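J.: Residue numbers (our numbering): 1 to 389.
Input: one structure, supplied below.
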Amino acid sequence: MKKFQVALLYSMFANAPQEAADEDTPWDKWNELDSEGSVAGYERALREMGHDVIPLEGDHTLIANLQKYKPDICFNTCEGHRGRSREAQVPAILDMLGIPYTGSGVMSLAIALDKAMTKRVLQFYSIPTPAFQVFVTGNEPTDPRLNFPLFAKPSLEGSGIGIMAKSICRTPRELREQVRYLLHAYKQPVLVEEFIEGREITTGIVGNLMPRGSWIKEKKRLEAERALQAQSVSANLEPASGNGHSANGKKAPVREYYYSGVRVLPPLEIDFSPLKDTAPLYGSEIKHNNPWGPKYLCPAPLSAKLTSQIGRWTVATFRALECFDFARVDYRIRESDNLPMVIEINPLAGLTEGLSDIVIEANAAGISYSELINMILETALRRYGMLDD
């Protein structure tokens, strides 16, 4: 493969803004930022493929550094520090400068970070997601259509930030107290949704969906991919009409199409059984401070039918938010009817070697860490027309 000059862009935990770190700052405020070890892993994987790598912090120095080094493409992992669209800030700069980059664009990242807005998009596309309500002041009446138990979390965070045992609210009083705490601590709207009792599953996706016109040309290639990749799912779901509604104005059913270009990784189950005295929630406390931790079962012990269903909804969600290159979709499997419910999508999923969910999934599919990082890079290069098949 052709070698490129790659700017590795990151938001490192050690460089988090100090002025915000006061006694009122929640302990997990910066947990989504990269460690030095994570960044070193990205750099090592890119160099193993022969690329020249320029590590750059995604802060106020970024524009000058990009103009100085003039990279061919950026490998973007920047989470940002401030604002409700912070994950979209660096991609906006790269778009402005005309520099190619890995991962989703401004719109997708901004919507995905806003959990309530994401759920509105999912509902439009008839993708199953728990019913919800957004609280801004803490004094709003609870929607009577919501069924307890309810689940409360910050609406503009990721990485399990703000998720704790008290997030599961079984009474109106518990809900009110937790909503007010989250509003005070995280200073952002609070998403309240029906809590789904059941198994927790997450699934990664790598690639980009092919346009309709490429289907016939790619048919033989798709058949070959399916033969070689038992875990590969290439699907695209969209509303039956252009605006998502039928001619009579009612919501149209989702129609399924099959395209090549994406690979859905084996689903991973987060098994909380070792945590007997801990709420079954994949939050910051379990991810960072629990020495026993959950079990990671990958491939998840699911039926073929359920695995296929999760694969289709993963691609549907990826397409609904118009993501690029890679992402991860999180689910709860509703116990009552075994229905996978989409909780959220992360188009800037963690890529820490040996730790991040999508890395574990790739390993289960026989993809090494270096191969995964370079798959994402090559996917972006092809999307920009910088790499021939």
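Where a beta carbon is used, it is the ideal one built from N, C-alpha and C, also for glycine.
Just so it is clear, the structure is predicted and the values come from calculations on it, not from any experiment.
Near Arg334, which residues of its chain fall below 7 angstroms by C-beta distance, leaving aside the five closest residues on each side in sequence?
T.: On the sequence shown, residue 334 is found 334 positions in, with the first residue counted as 1. Within the same chain, Arg334 has close Cβ partners Ile196, Gly198 and Met341.
J.: Is Met96 buried or exposed, if buried means 16 or more other CB atoms sit within 10 Å of its CB?
T.: The residue labelled residue 96 in the question sits at position 96 within the sequence shown. The residue in question, Met96, is exposed, as its Cβ has fewer than 16 Cβ neighbours within 10 Å.
J.: Give me the Cα-Cα distance between Leu56 and Thr77, rounded to the nearest whole angstrom.
T.: On the sequence shown, residue 56 is found 56 positions in, with the first residue counted as 1. On the sequence shown, residue 77 is found 77 positions in, with the first residue counted as 1. So the alpha carbons of these two residues sit roughly 11 angstroms apart.
J.: By the three-class DSSP mapping on this structure, what secondary structure does Met96 have?
T.: Taking the first residue of the sequence shown as position 1, residue 96 is located at position 96. It is helical.
J.: Straight-line CA distance for Pro253 to Pro154?
T.: Mapped onto the sequence shown, residue 253 falls at position 253. Mapped onto the sequence shown, residue 154 falls at position 154. Its pLDDT being 38, under 50, Pro253 is placed unreliably by the model, and nothing is read from it.
J.: Return the first residue and the last residue of the beta strand (DSSP E) that Lys187 is part of.
T.: Mapped onto the sequence shown, residue 187 falls at position 187. Premise fails: Lys187 is in no beta strand (DSSP E) and is neither H nor E.
J.: Do you know offhand how far Arg436's Cα is from Ala110's?
T.: The chain is shown only over 1 to 389; residue 436 falls outside these bounds and no answer can be derived.
J.: Closest to Gly162 by C-alpha separation, out of Leu146, Glu140, Arg180 and Lys119, would be which residue?
T.: Locating residue 162 in the sequence shown gives position 162, counting from the first residue. Of the candidates Leu146, Glu140, Arg180 and Lys119, the one whose C-alpha sits nearest the C-alpha of Gly162 is Arg180.
J.: Could you say which of Val121, Val359 and Leu150 lies nearest to Ile168 if we only look at CA atoms?
T.: The residue you call residue 168 lines up with position 168 of the sequence shown. Nearest of Val121, Val359 and Leu150 to Ile168, Cα basis: Leu150.
J.: Take Val6 as the anchor and find which of Glu36, Leu113, Gly50 and Gly37 has the nearest alpha-carbon.
T.: As a working note, residue 6 is residue 6 in the sequence shown. Measuring from the Cα of Val6, the nearest candidate turns out to be Gly50.
J.: Since Phe132 and Ala116 should fall inside the 8 angstroms C-beta cutoff, what is the C-beta to C-beta distance between them, to a whole number of angstroms?
T.: Residue 132 sits at position 132 when you count from the first residue of the sequence shown. Residue 116 sits at position 116 when you count from the first residue of the sequence shown. The pair is a contact, with the Cβ atoms about 7 angstroms apart (cut-off 8 angstroms).
J.: Mark Asp330 as exposed unless 16 or more other C-beta atoms lie within 10 angstroms of its C-beta, in which case mark it buried.
T.: Reading the sequence shown from its first residue, position 330 is the one you call residue 330. That one is buried.
J.: Would you tell me roughly how many angstroms separate the C-alpha atoms of His60 and Arg263, rounded to the nearest one?
T.: On the sequence shown, residue 60 is found 60 positions in, with the first residue counted as 1. On the sequence shown, residue 263 is found 263 positions in, with the first residue counted as 1. For His60 and Arg263, the distance between alpha carbons rounds to 35 angstroms.
J.: Who are the near neighbours of Pro266 in its chain, counting only those whose CB is closer than 6 angstroms to its CB and skipping five residues on each side?
T.: Counted from its first residue, the sequence shown places residue 266 at position 266. So the qualifying residues of the chain are Gln231, Cys298, Pro299, Glu361, Ala364 and Ala365.
J.: To which residues of the same chain is Ala88 closer than 6 angstroms at the C-beta, ignoring the five residues directly before and after it?
T.: Translated into the one-based positions of the sequence shown, residue 88 becomes position 88. So the qualifying residues of the chain are Val106, Leu109 and Ala110.
J.: Thinking C-beta only, is Ser273 closer than 8 angstroms to Ile48?
T.: Residue 48 sits at position 48 when you count from the first residue of the sequence shown. Residue 273 sits at position 273 when you count from the first residue of the sequence shown. Before going further, note that residue 48 is Glu rather than Ile in the sequence given. For Glu48 and Ser273, no; Cβs fall outside 8 angstroms.
J.: Is it buried or exposed for Lys217, if we count other Cβ within 10 angstroms and need 16 for buried?
T.: Position 217 of the sequence shown holds residue 217. A caution first: Lys217 carries a pLDDT of 49, below 50, which makes its placement in the model unreliable, though a value can still be read off. Lys217 should be labelled exposed.
J.: Which of the three DSSP states, helix, strand or coil, is assigned to Thr203?
T.: Residue mapping note: residue 203 aligns to position 203 of the sequence shown, counting from 1. Three-state DSSP puts Thr203 in a strand.
J.: Per DSSP, what kind of secondary structure is Phe4 in: helix, strand or coil?
T.: In the sequence shown, residue 4 corresponds to position 4, counting from 1. Coil at Phe4, not helix or strand.
J.: Beta-carbon separation of Ala320 and Tyr125 under 8 angstroms?
T.: One-based indexing of the sequence shown puts residue 320 at position 320. One-based indexing of the sequence shown puts residue 125 at position 125. Closer than 8 angstroms, so yes.
J.: Starting from Met341, follow the beta strand (DSSP E) in both directions and report where the run begins and ends.
T.: Translated into the one-based positions of the sequence shown, residue 341 becomes position 341. Element bounds for Met341: Leu339 to Asn346.
J.: Counting only the same chain and skipping the five closest in sequence on each side, list residues whose C-beta sits under 6 angstroms from that of Glu193.
T.: Start at 1 with the first residue of the sequence shown, and residue 193 comes out as number 193. So the qualifying residues of the chain are Pro130, Phe132 and Phe151.
J.: Going along the chain, which residues of its own chain have a beta-carbon closer than 6 angstroms to the beta-carbon of Tyr384, five neighbours each way excluded?
T.: Sequence index remark: in the sequence shown, residue 384 carries index 384 (1-based). For Tyr384, where only same-chain residues beyond five positions count, the Cβ hits under 6 angstroms are Pro100.
J.: Cβ of Tyr42 within 8 angstroms of Cβ of Leu351?
T.: Taking the first residue of the sequence shown as 1, we reach residue 42 at position 42. Taking the first residue of the sequence shown as 1, we reach residue 351 at position 351. Cβ distance < 8 angstroms, so Tyr42 and Leu351 count as in contact.
J.: Could you check what DSSP says for Phe124 in three-state terms: helix, strand or coil?
T.: Taking the sequence shown and counting its residues from 1, one reaches residue 124 at position 124. Reduced to three states, the DSSP call for Phe124 is helix.
J.: With the cut-off set at 8 angstroms, would you say Phe75 and Leu46 are in Cβ contact?
T.: Here residue 75 refers to the residue found at position 75 when the sequence shown is read from its first residue. Here residue 46 refers to the residue found at position 46 when the sequence shown is read from its first residue. Yes, these two residues count as a Cβ contact at 8 angstroms.
J.: So, helix, strand or coil for Gly83, using DSSP?
T.: Within the sequence shown, the letter at position 83 stands for residue 83. Three-state DSSP puts Gly83 in coil, outside helix and strand.
J.: Can you give the beta carbon distance from Gly58 to Leu348, rounded, assuming they're within the 8 angstroms contact cut?
T.: The residue given as residue 58 occupies position 58 in the sequence shown. The residue given as residue 348 occupies position 348 in the sequence shown. With a Cβ gap of about 12 angstroms, Gly58 and Leu348 do not count as contacting.
J.: Provide the residue span of the beta strand (DSSP E) that contains Ala327, from first to last.
T.: Indexing the sequence shown from 1 puts residue 327 at position 327. Per DSSP, Ala327 belongs to the beta strand (DSSP E) from Phe326 to Arg334.
J.: Enumerate in chain order the residues of its own chain whose CB-to-CB distance from Leu94 is below 7 angstroms, with the five nearest sequence positions on each side excluded.
T.: The sequence position of residue 94 within the sequence shown is 94, counting from 1. Within the same chain, Leu94 has close Cβ partners Cys74 and Tyr101.
J.: Am I right that Leu113 and Ser85 are in contact with their C-beta atoms under 8 angstroms? What's the rounded C-beta distance?
T.: By 1-based counting over the sequence shown, the position of residue 113 is 113. By 1-based counting over the sequence shown, the position of residue 85 is 85. Confirmed, Cβ separation roughly 7 angstroms.
J.: DSSP beta-bridge partners for Cys169?
T.: Position 169 of the sequence shown holds residue 169. DSSP, once it has assigned bridges, lists Leu150 as partnering Cys169.
J.: Please look up how many angstroms separate the CB atoms of Phe148 and Arg170, rounded, as I've assumed it's under 8 angstroms.
T.: As a working mapping, residue 148 is identified with position 148 in the sequence shown. As a working mapping, residue 170 is identified with position 170 in the sequence shown. Yes, they are in contact, since the Cβ atoms of Phe148 and Arg170 sit about 6 angstroms apart, within 8 angstroms.
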